[in-house]
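Right, one structure below, let's go through it.
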Amino acid sequence: MVREVKILGIDPGLQVCGYACLEIGRDKEKLIEAGVIRTAGGSAIQEKLNRIAEDTESLLKSFRPDVVAVEELYAHYAHPRTAILMGHARGVILQKCAEAAIEVRSFSATRIKKSITGNGRASKGQIQRTIQTILSLPELPEPSDVADAIAAAMCCANSLKNVSMLSTVRNP
């Protein structure tokens, strides 16, 4: 018998981090919960990072995922500062996963989009509509950070390739 696997998808951001917990079984993907971690706009970076770290730790304790799927950094040459700031948020997320001894799998944004829609350049709206259809959600997952976190978790599930691999994911 194949056990169900919980995957926590995280879309890192300094102001808004999307998260989504999916339960993956032989023939189904079930969304357990999805939401955002928000930091105060005027806060110092260290306060924002502390909030992200505390909330990530809380999510890991609450959901007890088998694996965490995190979007990799993307840096556009015109906006390198954005990637640097996102890297800080991603770093505290990865540290909390390491501290909890939970496996992390990283995926590029184009791989996530291609895994979900078949198009590595899909728009935010396409991602949201595809997720709504696949998971039979009554509404579009919003904001887009939530949809991106769900997509990261779904991409991770797809990367496991077949149900027999689900049983190889380490359970802490």
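Letter by letter, the sequence shown follows residues 1434 to 1605 of our numbering. Built from N, CA and C at the ideal position, the CB exists for glycine as well.
Roughly how many whole angstroms lie between the Cα atoms of D1460 and S1569?
-> For the purposes of this step, residue 1460 is identified with residue 27 of the sequence shown, where counting begins at 1. For the purposes of this step, residue 1569 is identified with residue 136 of the sequence shown, where counting begins at 1. If you take the alpha carbons of D1460 and S1569, they lie about 14 Å apart.
Go ahead and label A1542 buried or exposed: buried means 16 or more other beta carbons lie within 10 angstroms of its beta carbon, across all protein chains shown.
-> Here residue 1542 refers to the residue found at position 109 when the sequence shown is read from its first residue. Its Cβ being crowded by 16 or more others within 10 Å, A1542 is buried.
Thinking C-alpha only, which one of D1578, L1455 and S1548 is nearest V1500?
-> Position 67 of the sequence shown, counted from the first residue, corresponds to residue 1500. Across the set D1578, L1455 and S1548, the C-alpha of L1455 shows the shortest separation from the C-alpha of V1500.
Residue closest to S1491, alpha-carbon to alpha-carbon, out of L1441, A1580, M1519 and H1521 = Position 58 of the sequence shown, counted from the first residue, corresponds to residue 1491. Ranking the options by Cα distance to S1491, first place goes to L1441.
CA-CA distance, L1482 and L1447?
-> Along the sequence shown, read from residue 1 onward, the residue named residue 1482 stands at position 49. Along the sequence shown, read from residue 1 onward, the residue named residue 1447 stands at position 14. L1482 and L1447 have their C-alpha atoms roughly 7 Å apart.
Assign L1447 to one of three DSSP states: helix, strand, or coil.
-> The residue you call residue 1447 lines up with position 14 of the sequence shown. Annotated three-state conformation of L1447 is coil, per DSSP.
Using a Cβ-Cβ cut-off of 6 Å (strictly less than) and excluding sequence neighbours within five positions of A1555, which residues of its own chain qualify?
-> The count along the sequence shown starts at 1 and reaches residue 1555 at position 122. Within the same chain, K1546 come within 6 Å of A1555 by CB-CB distance, once the 5 residues on both sides are set aside.
Check the DSSP bridge columns for C1454 and list the partner residues they point to.
-> Counted from its first residue, the sequence shown places residue 1454 at position 21. Partner residues in the beta bridge of C1454, as assigned by DSSP, are L1441 and E1466.
Among the residues of its own chain, which have a CB less than 7 Å from the CB of E1504, if the five just before and after it don't count?
-> For the purposes of this step, residue 1504 is taken as the residue at position 71 of the sequence shown. Here E1504 has D1444, P1445, F1540, A1542, I1545, D1581 and A1585 as same chain residues with Cβ atoms under 7 Å from its own Cβ, once five neighbours each way along the sequence are excluded.
DSSP bridge partner residues for S1539 (one or two, in chain order) | The residue you call residue 1539 lines up with position 106 of the sequence shown. Answer by DSSP bridge pairing, in chain order: V1503.
Under the DSSP definition of a beta bridge, which residues are partnered with R1484?
-> Numbered from 1 along the sequence shown, position 51 holds the residue referred to as residue 1484. Paired residue(s): none; R1484 is not in a bridge.
Ignore the nearest five residues each way along the sequence and tell me which others in E1572's own chain have a CB closer than 8 Å to its CB.
-> As a working note, residue 1572 is residue 139 in the sequence shown. Within the same chain, E1572 has close Cβ partners Q1565.
Helix, strand or coil: how does DSSP classify R1608 here?
-> An answer regarding residue 1608 cannot be provided, because it is not within the stretch 1434 to 1605 covered by the chain.
Using DSSP bridges, identify the partner residues of R1471.
-> Working through the sequence shown from its first residue, we reach residue 1471 at position 38. According to DSSP, which records beta bridges pairwise, R1471 is partnered with V1449.
Per DSSP, what kind of secondary structure is N1552 in: helix, strand or coil?
-> What you label residue 1552 is simply residue 119 of the sequence shown in a count that begins at 1. Judged by DSSP in its simplified three-state form, N1552 adopts coil rather than helix or strand.
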